[in-house]
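K.L.:
Protein chains: 2
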Amino acid sequence: MQLDTLISEIRKKQSFLCIGLDVDLAKVPTHLLDRDDPIFEFNKAIIDATNHLAVAYKPNTAFYEAYGLKGWKSLAKTVNYLNENHPEIFTIADAKRGDIGNTSAMYANAFLKELNFDSITVAPYMGKDSVEPFLAVENKHTILLGLTSNEGAYDFQTKMLGDKELYKQVLKTSLSWEHSERLMYVVGATKAEYLAEIRNIIPDSFLLVPGVGAQGGSLEEVCKYGMNDTVGLLVNSSRGIIYASQGIDYAEAAARAAKKLQNEMQRILSRHGHKN
Amino acid sequence: MQLDTLISEIRKKQSFLCIGLDVDLAKVPTHLLDRDDPIFEFNKAIIDATNHLAVAYKPNTAFYEAYGLKGWKSLAKTVNYLNENHPEIFTIADAKRGDIGNTSAMYANAFLKELNFDSITVAPYMGKDSVEPFLAVENKHTILLGLTSNEGAYDFQTKMLGDKELYKQVLKTSLSWEHSERLMYVVGATKAEYLAEIRNIIPDSFLLVPGVGAQGGSLEEVCKYGMNDTVGLLVNSSRGIIYASQGIDYAEAAARAAKKLQNEMQRILSRHGHKN
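Read top to bottom, the protein sequences are chains V and G.
Letter by letter, the first sequence follows residues 1 to 276 of my numbering.
Letter by letter, the second sequence follows residues 1 to 276 of my numbering.
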């Protein structure tokens with residue numbers, strides 16, 4: 001997908017909401033468990049109820065791999081359903097992959113070509129040649145881990161590496177990689193106070209921001225420091241939306257939770273001059 | 001698997017060879033392509049021909065995910081075949097995963113419980129709470145990326161983070177994590193000169209060492225600086241063994257290539273006083 005499509009969807013829907021499809025069968029309504037593919041049925045109902053409110057969906061691959069073959073099939077059906085019915089929606093494989101060059105090329109093939117996601121999250125620890133095979137895929141996007149939403153981010157990411165924090169070195173160094181224009185970055189909503197400095201290094205890039213909701217991050221704060229001329233934000237909510245109800249009304253409850261976030265986003269967009 | 005089993009296998013076989021099962025269908029003998037599951041058939045023949053020479057097998061998950069559902073099935077069949085026929089052999093899911101806590105727990109479940117690998121490789125960028133869910137699994141091992149074999153290792157890993165290089169901070173910090181006795185570490189053979197200092201930080205841990213062979217690392221150098229009282233090394237070769245021949249004799253050629261490495265290992269073990 002071209003970035004222009006994503007930006008125009010954000011304007012049109014007045015939303016920069018990404019919905020995390022992290023499906024745990026222990027948490028889905030029990031009536032779904034008799035179905036042939038309960039994970040896909042769950043996702044399909046969530047997508048049908050929320051696609052007018054969200055511009056992106058992000059299945060985390062861990063939740064699918066945990067169910068082995070069946071889970072992989074549900075993942076493929078979910079991204080196919082999105083690509084066929086909502087080609088304007090941005091799809092993210094939250095896979096956090098990264099390996100030596102020839103191996104990263106296999107992952108890029110798996111997620112960006114075979115499964116045909118628009119983007120994939122990638123870990124930076126192994127450096128340039130572990131990321132460039134993802135960046136080499138045309139019309140796709142690589143979302144590099146910058147500053148993550150969890151407590152463990154303080155173990156290494158925020159420590160000084162040379163003259164700046166490791167996560168800032170990652171952001172800065174990545175700009176020199178081939179096809180860096182295809183990069184986006186993960187920055188946790190729980191670290192909103194870091195966003196102003198992050199925007200000094202990567203003013204124009206899209207940021208994928210997890211951690212609003214269950215993890216405690218603030219949407220207001222994220223937008224205050226992170227929003228740019230093209231909005232430049234995809235704010236993710238997973239559990240807060242998909243498990244808004246664990247009853248038979250889960251899809252309607254998800255839509256209500258998504259609508260609440262979208263309303264808040266619309267107010268913020270309007271205040272920042274991003275009216276439709 | 002208990003570490004004692006691995007150590008006794010190393011003594012018995014006079015080998016610390018790990019064979020990387022990174023199967024690319026473009027490189028397997030063409031007569032296999034008509035089979036129902038060519039990847040598994042290829043692996044089975046390699047395992048049958050080399051299991052007396054190797055103490056560990058390491059499928060890299062990228063190569064399986066690249067074939068989608070079919071690939072995942074081949075991966076499951078491969079680890080099942082090893083567990084059923086060679087329970088004394090150490091299995092490694094080379095997956096390089098790592099995510100926030102509840103998500104890492106899903107990956108741990110997928111690889112260490114469902115697929116029942118003895119171990120998994122994990123990336124350290126997200127810190128303590130991204131790794132501990134793997135360490136929580138009893139009788140299993142977490143192989144943390146330390147200093148990787150690729151060029152990109154110099155982008156961040158070897159840069160100073162506070163008073164020591166990032167990879168050394170990773171090694172040192174990981175020792176304070178819960179169940180750190182279940183940790184092993186990836187150290188590339190191409191960085192053998194770093195092994196002496198690495199052994200100062202983690203004298204007792206097992207190291208998984210890729211990069212001998214196709215990537216140019218030296219077995220002699222790795223052993224000189226990396227071997228400890230329990231040997232403490234698993235040296236991996238992938239392409240140099242499994243593609244030793246791309247003809248119908250591929251399994252025999254793989255056995256010859258493995259035997260050559262095992263002979264070299266036996267000589268080194270003997271010199272270091274690790275006789276059978």
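Ideal Cβ positions, reconstructed from N, Cα and C, are used throughout, including at glycine.
Consult DSSP for residue 97/G and reduce its assignment to one of helix, strand or coil.
P.N.:
The residue labelled residue 97/G in the question sits at position 97 within the second sequence. Reduced to three states, the DSSP call for residue 97/G is strand.
K.L.:
Can you check whether the CB of residue 129/V is closer than 8 Å to the CB of residue 152/G?
P.N.:
In the second sequence, counting from the first residue as 1, residue 152/G sits at position 152. In the first sequence, counting from the first residue as 1, residue 129/V sits at position 129. Contact flag set, yes.
K.L.:
Taking beta-carbon pairs under 7 Å, can you tell me which members of the stretch 135-153 of chain V lie near chain G?
P.N.:
Those would be 145, 148, 149, 150, 151, 152 and 153, in chain order.
K.L.:
Under 8 Å by Cβ, that's how I've got residue 27/G and residue 246/G pegged, so tell me the actual separation to the nearest angstrom.
P.N.:
Residue 27/G sits at position 27 when you count from the first residue of the second sequence. Residue 246/G sits at position 246 when you count from the first residue of the second sequence. Rounded, the Cβ-Cβ distance is 6 Å, consistent with contact.
K.L.:
To the nearest angstrom, report how far apart residue 149/V and residue 215/V are at their CA atoms.
P.N.:
Here residue 149/V refers to the residue found at position 149 when the first sequence is read from its first residue. Here residue 215/V refers to the residue found at position 215 when the first sequence is read from its first residue. Whole-angstrom Cα-Cα distance: 8 Å.
K.L.:
Identify the residues that DSSP records as bridge partners of residue 119/G: which are they?
P.N.:
Start at 1 with the first residue of the second sequence, and residue 119/G comes out as number 119. Residue 119/G is bridged to 92/G and 141/G.
K.L.:
Relative to chain V, which residues along the stretch 68-96 of chain G have a C-beta separation below 7 Å, given in chain order?
P.N.:
Per Cβ criterion, the list reads 68, 69, 72, 73, 76 and 96.
K.L.:
Which ranges would you report for the beta strand (DSSP E) in the stretch 187-246 of chain G if only whole runs of at least 3 residues count?
P.N.:
Complete beta strand (DSSP E) runs here, min 3: 207-209 and 233-237.
K.L.:
Please confirm if residue 106/G has its CB atom under 8 Å from at least one CB of chain V.
P.N.:
Within the second sequence, numbered from 1, the residue matching residue 106/G stands at position 106. Answer yes: the Cβ-Cβ gap between residue 106/G and chain V drops below 8 Å somewhere.
K.L.:
Report yes if the C-beta distance between residue 19/G and residue 54/G is below 8 Å; otherwise report no.
P.N.:
Translated into positions along the second sequence, residue 19/G becomes position 19. Translated into positions along the second sequence, residue 54/G becomes position 54. A contact, by the Cβ cut-off of 8 Å.
K.L.:
What does the alpha-carbon distance come out to for the pair residue 217/V and residue 190/V?
P.N.:
By 1-based counting over the first sequence, the position of residue 217/V is 217. By 1-based counting over the first sequence, the position of residue 190/V is 190. Near 4 Å, if we compare the C-alpha coordinates of residue 190/V and residue 217/V.
K.L.:
Does the distance from the CB of residue 206/G to the CB of residue 184/G come in under 8 Å?
P.N.:
Along the second sequence, one-based indexing puts residue 206/G at 206. Along the second sequence, one-based indexing puts residue 184/G at 184. Closer than 8 Å, so yes.
K.L.:
Quick one: what does DSSP say residue 17/V is sitting in, helix, strand or coil?
P.N.:
Locating residue 17/V in the first sequence gives position 17, counting from the first residue. Note: residue 17/V maps to strand in three-state DSSP.
K.L.:
How would you list, in chain order, the residues of chain G whose beta-carbon sits under 9 Å from the beta-carbon of residue 50/V?
P.N.:
Here residue 50/V corresponds to residue number 50 of the first sequence, with the count starting at 1. Simply none; closest approach about 21 Å.
K.L.:
Using a beta-carbon distance below 8 Å, is residue 157/G in contact with chain V?
P.N.:
One-based indexing of the second sequence puts residue 157/G at position 157. Yes, its Cβ sits closer than 8 Å to a Cβ of chain V.
K.L.:
For a contact defined as C-beta to C-beta under 8 Å, what are the partners of residue 170/G on chain V?
P.N.:
The residue labelled residue 170/G in the question sits at position 170 within the second sequence. The answer, in chain order, is 156.
K.L.:
Can you grab the Cα-Cα spacing for the pair residue 22/G / residue 160/V, in whole Å?
P.N.:
Counting from one through the second sequence, the residue named residue 22/G turns up at place 22. Counting from one through the first sequence, the residue named residue 160/V turns up at place 160. The straight-line gap from Cα to Cα measures roughly 36 Å.
K.L.:
Is the beta carbon of residue 95/G sitting closer than 8 Å to the one on residue 78/G?
P.N.:
Taking the first residue of the second sequence as 1, we reach residue 95/G at position 95. Taking the first residue of the second sequence as 1, we reach residue 78/G at position 78. No, the pair does not count as a contact, with Cβ atoms beyond the cut-off.
K.L.:
How about residue 99/V: is its C-beta nearer than 8 Å to some C-beta of chain G?
P.N.:
Taking the first residue of the first sequence as 1, we reach residue 99/V at position 99. Chain G, which has a Cβ nearer than 8 Å to the Cβ of residue 99/V, makes this yes.
K.L.:
Where do the N-terminal and C-terminal ends of the beta strand (DSSP E) with residue 310/G fall, by residue?
P.N.:
Outside the shown range of chain G, which is 1 to 276, sits residue 310/G, and nothing can be said about it.
K.L.:
Could you tell me which chain V residues have their CB closer than 7 Å to the CB of residue 128/G, listed as they occur along the chain?
P.N.:
Position 128 of the second sequence, counted from the start, is the residue given in the question as residue 128/G. In chain order: 152 and 155.
K.L.:
May I have the straight-line CA-CA distance separating residue 81/G from residue 264/G, to the nearest angstrom?
P.N.:
Position 81 of the second sequence, counted from the start, is the residue given in the question as residue 81/G. Position 264 of the second sequence, counted from the start, is the residue given in the question as residue 264/G. Distance between the alpha carbons of residue 81/G and residue 264/G: 28 Å.
K.L.:
Taking the C-alpha atoms as reference points, what is the distance between residue 229/G and residue 171/G?
P.N.:
The residue labelled residue 229/G in the question sits at position 229 within the second sequence. The residue labelled residue 171/G in the question sits at position 171 within the second sequence. Their backbone Cα atoms lie some 19 Å apart in a straight line.
K.L.:
I'd like to know whether the C-beta of residue 1/G is nearer than 8 Å to at least one C-beta of chain V.
P.N.:
Position 1 of the second sequence, counted from the first residue, corresponds to residue 1/G. No - not a single Cβ of chain V is within 8 Å of the one on residue 1/G.
K.L.:
Can you have a look at residue 196/G and say buried or exposed, based on whether 16 or more other CB atoms are within 10 angstroms of its CB?
P.N.:
The residue you call residue 196/G lines up with position 196 of the second sequence. Exposed, because fewer than 16 other Cβ atoms sit within 10 Å of the Cβ of residue 196/G.
K.L.:
Do residue 92/G and residue 143/G have their C-beta atoms within less than 8 Å of each other?
P.N.:
Start at 1 with the first residue of the second sequence, and residue 92/G comes out as number 92. Start at 1 with the first residue of the second sequence, and residue 143/G comes out as number 143. Going by C-beta atoms, residue 92/G is nearer than 8 Å to residue 143/G.
K.L.:
Could you give the distance in angstroms between the alpha-carbon of residue 274/V and the alpha-carbon of residue 46/V?
P.N.:
In the first sequence, the residue the question calls residue 274/V occupies position 274. In the first sequence, the residue the question calls residue 46/V occupies position 46. Approximately 27 Å between the Cα atoms of the pair.
K.L.:
Cβ closer than 8 Å: which chain G residues qualify as neighbours of residue 103/V?
P.N.:
Taking the first sequence and counting its residues from 1, one reaches residue 103/V at position 103. Result: 22, 60, 62 and 63.
K.L.:
Identify, in the order they occur along the chain, each residue of the same chain with its Cβ nearer than 7 Å to the Cβ of residue 63/V, setting aside the five sequence neighbours on each side.
P.N.:
Taking the first residue of the first sequence as position 1, residue 63/V is located at position 63. Contacts found: 22, 23 and 24.
K.L.:
DSSP puts residue 160/G in a beta bridge; with which residues?
P.N.:
Translated into positions along the second sequence, residue 160/G becomes position 160. Partner(s): 165/G.
K.L.:
May I have the straight-line CA-CA distance separating residue 16/G from residue 253/V, to the nearest angstrom?
P.N.:
For the purposes of this step, residue 16/G is identified with residue 16 of the second sequence, where counting begins at 1. For the purposes of this step, residue 253/V is identified with residue 253 of the first sequence, where counting begins at 1. Residue 16/G and residue 253/V: Cα-Cα distance of roughly 55 Å.
K.L.:
According to DSSP, is residue 185/G helix, strand or coil?
P.N.:
Walking along the second sequence from the start, residue 185/G turns up at place 185. Three-state result, residue 185/G: strand.
K.L.:
Among 115/G, 193/G and 204/G, which one has its Cα closest to the Cα of residue 181/G?
P.N.:
The residue labelled residue 181/G in the question sits at position 181 within the second sequence. Residue 181/G has its Cα closest to that of 204/G, out of 115/G, 193/G and 204/G.
K.L.:
Report buried or exposed for residue 97/V, applying the criterion of at least 16 other Cβ atoms within 10 angstroms of its Cβ.
P.N.:
Mapped onto the first sequence, residue 97/V falls at position 97. Buried.
K.L.:
Can you tell me which of 240/V, 87/V, 162/V and 155/V puts its alpha carbon nearest to the alpha carbon of residue 175/G?
P.N.:
On the second sequence, position 175 is the one that residue 175/G refers to. Comparing Cα-Cα distances from residue 175/G to each of 240/V, 87/V, 162/V and 155/V, the minimum goes to 155/V.
K.L.:
Put residue 25/G into one of helix, strand or coil per three-state DSSP.
P.N.:
Residue mapping note: residue 25/G aligns to position 25 of the second sequence, counting from 1. Note: residue 25/G maps to coil in three-state DSSP.
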